[in-house]
Amino acid sequence: MNFKLIALALFIFLNIGHSKAQMAAAKKVEWSVNVELDVPIERDSLWSLLKDYTLVSKLSEGYVTSIVNKDNIQPILREVTFADGSKREELLKQVDEQHRFLAFDYKDTSLPKGIKDVMFAFFTKELDDSNSRVSWLVRVEGDKDAKDALIKRLNIEMQSYRAGYSKYLNAKPKVVEMMRMN
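Written as structure tokens, this is what we have:
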């Protein structure tokens with residue numbers, strides 16, 4: 024009988040410790056870059072734009088010239104080419120069609136000196152039937168000076184996307200009236 028009580032007490036003790044460990048791990052992510060834009064289109068259309076690599080140059084105001092998937096097995100290796108000719112390799116780790124978001128990291132070989140990790144998350148949110156919000160979020164970990172320099176560069180990149188999306192979506196008519204043939 025004593026063995027059962029000891030086993031039960033040990034089981035409860037170990038599970039309580041485990042629960043606390045899980046709660047501690049669920050801390051809020053602190054984003055280094057957070058850029059949002061409300062756009063005059065429905066969420067599904069916004070999601071289609073986010074995934075359309077053929078429009079990346081227009082949607083980034085020419086800051087990014089191309090994004091090319093190097094394979095199709097997750098995490099998907101992709102290469103980003105910038106207007107200045109520089110390149111960055113990323114690992115696309117999550118594409119969530121249902122919730123309309125994606126997440127990717129810098130590939131280790133693309134990390135600048137002094138940077139340990141770079142994680143991107145792009146979210147979409149429906150505001151109403153014809154308006155949505157896109158959020159570009161980036162978390163950077165590393166040495167302070169290297170981190171500050173990279174955050175500055177990433178802010179420029181995300182602001183280029185913000186300007187490009189605004190220009191592209193405001194130039195497009197929201198509704199195209201069809202001509203009726205009698």
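So the sequence shown is residues 24 to 205, counted in the numbering used here. Glycine residues also receive a C-beta, built at the ideal position from the N, C-alpha and C atoms.
For V163, which of helix, strand or coil comes out of DSSP? The residue you call residue 163 lines up with position 140 of the sequence shown. In this structure, V163 counts as strand in the three-state DSSP scheme.
Mark Q82 as exposed unless 16 or more other C-beta atoms lie within 10 angstroms of its C-beta, in which case mark it buried. Looking up residue 82 in the sequence shown gives position 59. In the sequence on display, residue 82 carries Leu and not Gln. L82 should be labelled buried.
Can you look up S80 in the DSSP assignment and give me helix, strand or coil? Locating residue 80 in the sequence shown gives position 57, counting from the first residue. The answer is helix: DSSP assigns S80 an H, G or I state.
Would you call the CB atoms of R123 and W159 closer than 8 Å? As a position in the sequence shown, residue 123 is number 100, starting the count at 1. As a position in the sequence shown, residue 159 is number 136, starting the count at 1. Cβ atoms of R123 and W159: not closer than 8 Å.
Nearest-angstrom Cα separation, counted from A126 out to V118: Your numbering for residue 118 matches position 95 in the sequence shown. Your numbering for residue 126 matches position 103 in the sequence shown. Cα-Cα distance, rounded: 7 Å.
If we call anything under 8 Å between Cβ atoms a contact, is L115 one with I99? If you number the sequence shown from 1, residue 115 lands on position 92. If you number the sequence shown from 1, residue 99 lands on position 76. Result yes, Cβ atoms of L115 and I99 sit closer than 8 Å.
Beta strand (DSSP E) segment containing K139, residue limits: In the sequence shown, the residue the question calls residue 139 occupies position 116. Note, K139: beta strand (DSSP E), I138 to D151.
Between V161, R156, S68 and K167, which lies nearest to D7 when the distance is taken from Cα to Cα? Nothing about residue 7 can be read from this structure; the chain reaches only from 24 to 205.
Quick test of the definition: if touching needs 3 or more C-beta pairs under 8 Å, does the stretch 50-64 touch the stretch 131-140? no
In DSSP terms, what K51 is bridged to: The count along the sequence shown starts at 1 and reaches residue 51 at position 28. Its beta-bridge partners do not exist; DSSP assigns none.
Mind checking V163: buried by the 16 CB within 10 Å criterion, or exposed? Position 140 of the sequence shown holds residue 163. Classification of V163: buried, given that the 10 Å Cβ count is 16 or more.
Measure the alpha-carbon distance for T104 versus N193 and round it to whole angstroms. Translated into positions along the sequence shown, residue 104 becomes position 81. Translated into positions along the sequence shown, residue 193 becomes position 170. Distance between the alpha carbons of T104 and N193: 26 Å.
Apply the 10 Å Cβ neighbour rule to L150 and answer buried if 16 or more other Cβ atoms are within range, or exposed otherwise. For the purposes of this step, residue 150 is taken as the residue at position 127 of the sequence shown. Exposed, since its Cβ has fewer than 16 Cβ neighbours within 10 Å.
Helix, strand or coil for Q182? Go by DSSP, reduced to three states. Taking the sequence shown and counting its residues from 1, the one referred to as residue 182 is at position 159. The answer is helix: DSSP assigns Q182 an H, G or I state.
Which residues mark the beginning and the end of the alpha helix (DSSP H) in which L72 is found? Here residue 72 refers to the residue found at position 49 when the sequence shown is read from its first residue. R66 to K74 is the extent of the alpha helix (DSSP H) around L72.
Taking the straight line between their C-alpha atoms, what separation do you get for I174 and E180? Mapped onto the sequence shown, residue 174 falls at position 151. Mapped onto the sequence shown, residue 180 falls at position 157. Their Cα atoms are separated by approximately 10 Å.
Are the Cβ atoms of R156 and K167 separated by less than 8 Å? Residue mapping note: residue 156 aligns to position 133 of the sequence shown, counting from 1. Residue mapping note: residue 167 aligns to position 144 of the sequence shown, counting from 1. Contact flag unset, no.
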